[in-house]
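Below: the structure, in structure tokens.
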């Protein structure tokens, strides 16, 4: 399970937060490994397996991914042309986010 960065709040208490929601993290995990078991996706994201199942159901209902049964496993196909749901980003496709995180890290002296 991954750990999150902690920032000090105004009263000095630590608060955990990330820029992406669990839905975004699950979508990215599946994009990286379309045949991953939900147990593994849940561990990577830091949620329960039941939460991962609910998130996948949401993403599937929203048209962001499709689940196909292959033998005893599921294989997921991402729809990169799906648009973000928040009005501030509704003109952007999720494929751009996936491409950003799937891009090879920069190497070399200027990286």
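Numbering (UniProt numbering), first residue to last: 1 to 111. Note that CB positions come from ideal geometry on N, CA and C, so glycine has one too. This one's a predicted model, so the numbers in the text were calculated from it and none came from an experiment.
Would you say residue 25 and residue 59 are within 8 Å of each other, going by their C-beta atoms?
no
Would you mind working out which of 52, 46, 50 sits nearest residue 16, comparing C-alpha positions?
46
Buried or exposed: residue 44, going by 16 or more other Cβ atoms within 10 Å of its Cβ?
buried
Nonlocal neighbours in the same chain, by C-beta distance under 8 Å from residue 63, ignoring five residues either side
79, 82
Could you check the C-alpha separation between residue 19 and residue 70 for me, to the nearest Å?
33 Å
Who are residue 70's beta bridge partners in DSSP?
73
As an exercise, report each continuous beta strand (DSSP E) stretch of at least 3 residues that is fully enclosed by the UniProt domain "HTH marR-type" (23 to 70), in chain order.
65 to 70
Would you report the Cα separation of residue 178 and residue 87, rounded to the nearest angstrom?
Only positions 1 to 111 of the chain appear in this structure, which leaves residue 178 out of reach.
So, are the CB atoms of residue 77 and residue 65 less than 8 Å apart?
yes
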